[in-house]
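Written out below as structure tokens is the structure these notes cover.
There are 2 protein chains.
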Amino acid sequence: MTQSVSPLAPERPVDLPALDGVRIATAAAGIKYEGRTDLMVMVFDRPATVAGVFTKSLCPSAPVEFCRQNLPGGRALALVVNSGNANAFTGKKGAEAAQITADTAAAALGCDASDVFLASTGVIGEPMDASAFAGKLSGLCGDAVPDGWMGAARAIMTTDTYPKLAARTAKINGVEVRINGIAKGAGMIAPDMATMLSFVVTDADISSRALQALLSEGVEGTFNAITVDSDTSTSDTVMLFATGSAMDGDAAQIEDADDDALAEFKAALFDLLKDLAHQVVRDGEGARKMVEITVRGAASDKAAKIIALSVANSPLVKTAVAGEDANWGRVVMAVGKAGQEANRDQLNIWFGDIRVAASGERDPDYSEEAAAAVMKQSTINITVDVGVGNGEATVWTCDLTKDYVAINGDYRS
Amino acid sequence: MTQSVSPLAPERPVDLPALDGVRIATAAAGIKYEGRTDLMVMVFDRPATVAGVFTKSLCPSAPVEFCRQNLPGGRALALVVNSGNANAFTGKKGAEAAQITADTAAAALGCDASDVFLASTGVIGEPMDASAFAGKLSGLCGDAVPDGWMGAARAIMTTDTYPKLAARTAKINGVEVRINGIAKGAGMIAPDMATMLSFVVTDADISSRALQALLSEGVEGTFNAITVDSDTSTSDTVMLFATGSAMDGDAAQIEDADDDALAEFKAALFDLLKDLAHQVVRDGEGARKMVEITVRGAASDKAAKIIALSVANSPLVKTAVAGEDANWGRVVMAVGKAGQEANRDQLNIWFGDIRVAASGERDPDYSEEAAAAVMKQSTINITVDVGVGNGEATVWTCDLTKDYVAINGDYRS
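Here the protein sequences come in this chain order: S and P. Going by UniProt numbering, the first residue of the first sequence is number 1, and it counts up by one from there. Going by UniProt numbering, the first residue of the second sequence is number 1, and it counts up by one from there.
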């Protein structure tokens, strides 16, 4: 199904510069789509360190299980991603398809299958015939080139309407390092693990253990703080690789995530993760508006996040945003159903800068016109103070439109 | 906003016969709507016993708080319900409006305000001027007549497209008793407490304590097992009154819900609650299909219900149903995200009688045509066996259509 590009898309996608130590290739393997690429390989010149966070679904896909198995090894020589088929709920044949894919890449690169990582995205429950694209895969491993980021971002898209890329730089002990990242999302986006794929590579030299700590912390306020439809996929995967190529020479690998030398890198990484997460929300299926929801005054940061997600996932809040209706009563409803401590009679709610509710009732200065003007914007900030403590959290979502229903009522057929 | 009647509505609403001991009156008080009734009073000739279950929202409406306060008294002489304004998140003025309403009814009936129960449904956060309809209310208490059930069901509607009524009879110690019930629902329907109003009256003679036990148990598999959009209102209220009028004479009041004499009554009551709950789902905003989801093989009945509700609340499952797409992969996704024990490789899924997934993969005999035929029906049964135990639960929901978005994107304005 074809859709026009999301009105919330960046004006134009930015391509990324090459990053030392990684090469990329893509191909049209015809897994499901016609006339577009659907297979992507990243090849690391030398073993990269690796970290990953995966879906909390109890019915994970075969590639997720495969990655979990390889992750303790802490080294990666290749990443293979396909779109069009999620290889999820495909039983023993699914595990075999994952193994065939990894074996093929390993043979082409002369490495072990345990050094290969995989991700698949697309339809669930359809058997995936990996042998059908194994031939292409062998060639790809040899064809990979440094300048392939835009192609990679395009090859992993499913119902995405635009490719998602972001880059940052940072200094570690005086050496400039790069971070390049791509993501795909669109439907089934919800925290724990924002139902999407994202792959980030840096040329810094950081141990797998430190990478894992950085990534696990980094997703909390970014990929785990976005939601499109509260649905969690079987395939959510965020991986972070470090090639170490920028640090060649004297510098020792950084072993510890708390190393002071990583402060700037960590900030740049988290900023990149947030950038990609926002791009995913902005491409939410049928989205016309982005919504940032901040809850403060909660009993804890965790409580604040639960309340914020309750607001973000409420179909009634999301349809009100779609209708540009400043219906703060539905925000009250969503706060009330979250099950976290809140003081109804101290509740304050703002739409943008307009306080619409104060101390448990409609703001005495409430102006329908002022609130309506906020709702016409393409990004809407909703702030709620629940009046019981100092906990705070921000999450992001999009509106729920008729197009969401249209896209998802006709996705598989 | 006007909508045509839900295609899932009963062919024609059945009016209910009078029930001894209760009289009903309605009026058009102009609270919000024009050209229709919006105020309903039930008057009990003698003090009725009473039970209630209410929203678990932490931001409950003023009438919910008022009822909770009166419930321990265990006696009711009147019930006053208005539509158009929920009197929720209205601060101290909201509590005052509830008190004025109750005081007015109490004065007209010569009883205490603590014998009056209230419910309000409609917009949240708008101040409700009870004094504006207090005049009508005084008159109504005198005008009440036994034959007012259809009028009552109509007066409490908001976005409902049809009135919801049900009646049952049962024998208690050889005496036939009646149970009459009405409900309203449509949006914000989700368990804990299926975001709706329902009022049930029987002429049996049963203590408040026993009534409460019956009602609390009865809602579990009925009103607490339906969901339209996962949103929980601030006003959910189900009340059960017993006038005792059928039992005049020698029979003693039944004190205990476990009394064998109540077996038939209990079955009839639960059946009536299920009937009303289903009528609420069938009038889900924008609903075109009803979906019954049964989960079995779970670790416990409670786990089964959590999984079933995860499927029922998944926007991706609900849009697939709307699109008549037999997309069982989304059912797998919803099972996986429920967080309850499930054996992915033992999962079986049926759409109607068609097994679409077996032992963790697509059924070897899967037929797209057979599954598609099931999806064309107006009521769709989805059964999932998660393969770990004997827990079982059934819940009901409806599809998610463009009309849901249209109705809720334009409700308040």
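For each residue, glycine too, the CB sits at the ideal point set by N, CA and C. Nothing here was measured: the structure is a model prediction, and the numbers come from that model.
Check	Outcome
For G409(P), three-class secondary structure by DSSP	coil
Residues near L276(P) in its chain [Cβ-Cβ closer than 7 Å; skip 5 each side]	K164, A166, G181, A183 and S198
Pair within 7 Å by beta-carbon distance, V332(P) and I124(S)	yes
Short Cβ contact (7 Å threshold) for P63(S) with A98(S)	yes
Under 7 Å from the C-beta of V405(S): neighbouring residues of chain P	T319, A322, L400, T401, K402 and V405
Extent of the continuous alpha helix (DSSP H) to which C67(P) belongs	A62 to N70
Contact with chain S by I31(P), beta-carbon distance below 7 Å	no
Anticipated Cβ contact below 8 Å, D203(P) with R178(P), distance rounded	5 Å
Selection from V200(S), R209(S) and R288(S) that minimises the alpha carbon distance to M271(S)	The sequence shown places Asp at residue 271(S), rather than the Met named in the question. The shortest C-alpha separation from D271(S) is found at V200(S).
Interfacial residues, the stretch 120 to 131 of chain P to chain S, with Cβ spacing under 8 Å	V123, I124, G125, E126 and P127
M193(S) at chain P interface by Cβ criterion, 7 Å	For M193(S), the pLDDT reaches just 36, beneath the cut-off of 50, and the residue's location in the model is therefore unreliable, although a value from the coordinates is still provided. Judged by the 7 Å Cβ criterion, M193(S) is not in contact with chain P.
Proximal residues of chain S, C-beta to C-beta of C59(P) below 8 Å	V332, M333, V335, G336, A342, R344 and L347
Reduced DSSP category for D192(P) - H, G, I as helix; E, B as strand; rest coil	With a pLDDT of 40 at D192(P), under the threshold of 50, the predicted position of this residue should be treated as unreliable, and no value is reported.
8 Å contact criterion, which S359(P) and G91(S) should meet: CB distance rounded	7 Å
Contact with chain S by L118(P), beta-carbon distance below 7 Å	no
Neighbour flag for E361(S) against chain P, beta carbons, 7 Å	yes
Short CB-CB distance (under 7 Å) between L316(P) and chain S	yes
Integer Cβ distance of K318(P) from T397(P), believed to fall under 8 Å	7 Å
Limits of the unbroken beta strand (DSSP E) element including E220(S)	Not the beta strand (DSSP E): E220(S) falls in the alpha helix (DSSP H), residues S208 to E220.
Reference V295(P); option with closest CA among G323(P), I254(P) and A342(P)	A342(P)
Every unbroken beta strand (DSSP E) within the stretch 1 to 66 of chain S, with a cutoff of 3 residues, ordered by chain	22 to 27 and 39 to 54
Limits of the beta strand (DSSP E) - the one that R75(S) falls within	R75 to N85
Partners in chain P for G185(S), counting only beta-carbon separations shorter than 9 Å	The contacting residues do not exist; G185(S) stays about 14 Å from chain P at best.
Pick from H278(S), W350(S) and T26(S) that is closest to Y162(S), judged by C-alpha positions	H278(S)
C-beta neighbour in chain S for F89(P), strict 7 Å	yes
Best match in D399(S), G339(S), R168(S) and L118(S) for proximity to L137(S) [C-alpha to C-alpha]	L118(S)
Three-state secondary structure assigned by DSSP to I100(S)	helix
Any alpha helix (DSSP H) of 4 or more consecutive residues that is wholly inside the stretch 133 to 190 of chain P	149 to 155
Any chain P beta carbon closer than 7 Å to N408(S)	yes
Cβ-Cβ separation, L273(S) to V219(S) (assumed contact under 8 Å), whole Å	7 Å
Whole-Å CB distance - A242(P) paired with A48(P), under 8 Å assumed	6 Å
Contacts that W328(P) makes with chain S (C-beta to C-beta distance below 7 Å)	G125
Inter-residue Cα distance where the pair is D115(P) and V43(P)	11 Å
Per-residue burial, R168(S) [other beta carbons within 10 Å of its own, 16 or more giving buried]	buried
Nearest-angstrom Cα separation, counted from S4(P) out to L71(P)	38 Å
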